[in-house]
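A.B. asks: Following this message is one structure expressed as structure tokens.
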Amino acid sequence: MFDVKWIRENPEVFDKGMKRRGLEPLSEQIIDLDIRHRTALTDLQEMQKRRNELSKKISFLKKEGEDAEIQIHEVGAIKRSMSETEEIVSTLSDEIEDLLIEIPNTPDEDVPDGEDEEDNVEVRKVGEPKTFDFKPKLHDELGVSLGLMDFENAAKISGSRFVILKGALARLEKALARFMLDTHTDENGFTEMYTPVLVKDEAMYGTGQLPKFASESFKTENGYWLISTSEITLANMAANHVSKESELPMRFCAYSQCFRSEAGAAGKDTRGMMRQHQFGKVELVSIVKPEDSKAEHEKITKCAEEILEKLGLAYRTVVLCTGDLGFGSHKTYDIEVWLPGEKRYREISSCSNCGDFQSHRMNARFKTDGVKGSKYVHTLNGSGLAVGRTLIAVLENYQREDGSIEIPKVLVPYMGGMEVIPANG
RNA sequence: GGAGAGAUGGCAGAGUGGUAAUGCAGCGGAUUGCUAAUCCGUGAACCCGAUUGGGUUCCCAGGGUUCGAGUCCCUGUCUCUCCGCCA
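Set out below in structure tokens:
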């Protein structure tokens, strides 16, 4: 969320950012509201000052045993105009807040302009798409023929967009998650966290899922939200808190189930495990000083890419164009893995630098010893990686002609020494 | 689910209607000198002002009573204790 004071001081920069997002300039409207708000606030404060003075005088007079009727009468008059002005102040302040909470982050200067994902720009391509001397199958064909991937029972129990994994595939899902977590904690300096999957409204506002994207998440009858990503819980670790500069950067990772309604995705990726209401994901979140966020963004992206390299999977990394950039993001890299069955690259990670956008919403600040005041932290998040989609990638890339699946070397220890999932499951 | 207690600055902790004690820590300064002691100063957000500066708000949140609320009343949130239930 934007700071009104910043918009007041940088209206052109702000409007330019909105324009790149395809939005109308808003600074004039906001600044007008802000001026009216501040004027009313100043008036209110003058009245409060006068009221305080009179109250002190009344207190003094009463102690002396003297009459204070005149003063009490005057305060009564002030109070009436005060409540009117208070009303104006809070209405204007709500109007500004309601406006600001729905405004997306501005794109970084080096984010390319564009309409949609077609305009994203490739920044690197690593590894050669695997070739086969037979026709590679899709992941769900493989999983079902192994007898380890069950969409029918999942549909019977929960409906569409769910899956049940059995035996070696269930273990493979867990193996991938453990491998990712171990890499991020042992090699990349992240601290593993176990966090709630049910959260309050406030947390959803903090990271930007609310108020605009309520329909993309599930809500329980008791008012909890099911997290669509553990970015929500990890980033909110810093909410309503003033960290010490020496505590930064903070790096958290978590494996969690993620829940998405996929309301706008009807008819898209309807087969297989590509797009589910529930999926496992290992998430990375960094909370850093403003001057460090650009470098941290590169680091987090590298951490995610390394997982794919260790798994021997070909990928490409793109920088999202302005039209494809998420609501809270200042700049985003998507990592796309090669899927031989689909014969194309598919998104498997999204790494974003949110700058101070989330920290304003969450009121997440840091303080330097001996320096007056505090500053907002920068927050970053990245999937490292989406486990369900990584499972898809392993199946399609490591399949053999007979339908058996080779286990990538790095996962063998996590599979209890198993090197191949045999064709009969 | 039942009963009770509580929420005050980075931390600890007073304050039951008159405008937030005190201690510790951190930071700045002074002084004395030897691994430290002592003394002084120092909360946050916001508004006005060209600067020195002035002011408002903030005791979990939101309402209410009052000339005046940390203190009284109502609603909510969270924490703790005991009981019940439970993976």
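Just so we're aligned, residue 134 is where the first sequence starts under our numbering, counting upward by one. Built from N, CA and C at the ideal position, the CB exists for glycine as well.
1) Looking at histidine 170 and serine 223, is the spacing between their C-beta atoms short of 7 angstroms?
2) Comparing alpha-carbon positions, which option in Asn143, Ile229, His206, Glu207 lies nearest isoleucine 168?
3) Could you have a look at histidine 374 and say whether DSSP puts it in helix, strand or coil?
4) When the Cα atoms are used, what is the spatial distance from glutamate 207 to leucine 174?
5) Could you work out which residue in Arg479, Lys427, Lys432, Asp176 is closest to leucine 417 when comparing CA atoms only?
6) Write down the C-beta distance between aspartate 246 and cysteine 484 rounded to the nearest angstrom, noting that I regard them as a contact closer than 8 angstroms.
7) Would valine 451 and glutamate 255 be called neighbours here (beta carbons separated by less than 7 angstroms)?
8) Within the present structure, is the beta-carbon of alanine 287 separated from the nearest heavy atom of the ligand NAP by less than 6 angstroms?
9) Where do the ends of the alpha helix (DSSP H) carrying histidine 206 lie?
10) Of all the options Ile365, His493, Ile360, Pro240, which has the alpha carbon lying nearest to the alpha carbon of lysine 152?
11) Could you give the distance in angstroms between the alpha-carbon of lysine 289 and the alpha-carbon of serine 426?
12) Is the distance from the Cβ of arginine 294 to the Cβ of histidine 430 below 7 angstroms?
13) Can you tell me whether phenylalanine 499 is helix, strand or coil according to DSSP?
14) Once DSSP output is grouped into helix, strand and coil, what is the label at aspartate 165?
15) Measure the Cβ-Cβ separation of leucine 314 and glutamate 306 and say whether it is below 7 angstroms.
16) On the DSSP bridge list, what partners appear for valine 452?
17) Would you list the residues sitting across from phenylalanine 385 in a DSSP beta bridge?
18) Decide yes or no for the touch test of the region 487-497 against the region 528-540: beta carbon pairs closer than 8 angstroms, at least 3 of them.
19) Is the beta carbon of alanine 308 closer than 7 angstroms to that of methionine 548?
20) Return the first residue and the last residue of the alpha helix (DSSP H) that glycine 150 is part of.
21) Just curious, the alpha helix (DSSP H) that asparagine 286 is in, first and last residue?
22) So, helix, strand or coil for glutamine 411, using DSSP?
C.D. replies: To lay it out plainly:
1) Your numbering for residue 223 matches position 90 in the first sequence. Your numbering for residue 170 matches position 37 in the first sequence. No, Cβ-Cβ distance for serine 223 and histidine 170 is not below 7 angstroms.
2) To locate residue 168, count along the first sequence from 1; it is residue 35. Nearest option by C-alpha distance: Ile229.
3) For this step, residue 374 is matched to residue 241 along the first sequence. Residue state, collapsed to three classes: strand.
4) Stepping through the first sequence from its first residue, residue 207 is reached at position 74. Stepping through the first sequence from its first residue, residue 174 is reached at position 41. Computed Cα separation, rounded: 21 angstroms.
5) The residue given as residue 417 occupies position 284 in the first sequence. Nearest C-alpha to leucine 417: Lys432.
6) Indexing the first sequence from 1 puts residue 246 at position 113. Indexing the first sequence from 1 puts residue 484 at position 351. Going by Cβ atoms, the distance from aspartate 246 to cysteine 484 rounds to 20 angstroms, so no, they are not a contact pair.
7) For the purposes of this step, residue 451 is taken as the residue at position 318 of the first sequence. For the purposes of this step, residue 255 is taken as the residue at position 122 of the first sequence. It is a contact, given that the beta carbons lie within the stated cut-off.
8) As for the ligand NAP, it is missing from this structure, which has no ligand bound.
9) Position 73 of the first sequence, counted from the first residue, corresponds to residue 206. Residues 202-234.
10) By one-based count along the first sequence, residue 152 stands at place 19. Comparing Cα positions, the closest option is Pro240.
11) Sequence index remark: in the first sequence, residue 289 carries index 156 (1-based). Sequence index remark: in the first sequence, residue 426 carries index 293 (1-based). Going from the Cα of lysine 289 to the Cα of serine 426 covers about 46 angstroms.
12) In the first sequence, counting from the first residue as 1, residue 294 sits at position 161. In the first sequence, counting from the first residue as 1, residue 430 sits at position 297. With respect to histidine 430, arginine 294 sits apart: the two C-beta atoms are not nearer than 7 angstroms.
13) Numbered from 1 along the first sequence, position 366 holds the residue referred to as residue 499. Three-state DSSP puts phenylalanine 499 in a strand.
14) Numbered from its first residue, the first sequence carries residue 165 at position 32. Here aspartate 165 sits in helix by DSSP.
15) Numbered from 1 along the first sequence, position 181 holds the residue referred to as residue 314. Numbered from 1 along the first sequence, position 173 holds the residue referred to as residue 306. Contact flag unset, no.
16) Taking the first residue of the first sequence as position 1, residue 452 is located at position 319. DSSP output for valine 452 lists Val254, Tyr466 as bridge partner(s).
17) The residue labelled residue 385 in the question sits at position 252 within the first sequence. Answer is Thr324, Val418, bridged to phenylalanine 385.
18) No, because fewer than three Cβ pairs between the region 487-497 and the region 528-540 fall closer than 8 angstroms, the two stretches do not touch.
19) The residue labelled residue 548 in the question sits at position 415 within the first sequence. The residue labelled residue 308 in the question sits at position 175 within the first sequence. Yes, Cβ-Cβ distance for methionine 548 and alanine 308 is below 7 angstroms.
20) On the first sequence, position 17 is the one that residue 150 refers to. From DSSP, the alpha helix (DSSP H) with glycine 150 extends over 144-153.
21) Against the first sequence, residue 286 aligns to sequence position 153. Here the alpha helix (DSSP H) through asparagine 286 covers 284-291.
22) Along the first sequence, one-based indexing puts residue 411 at 278. Glutamine 411: strand per DSSP, three-state reduction.
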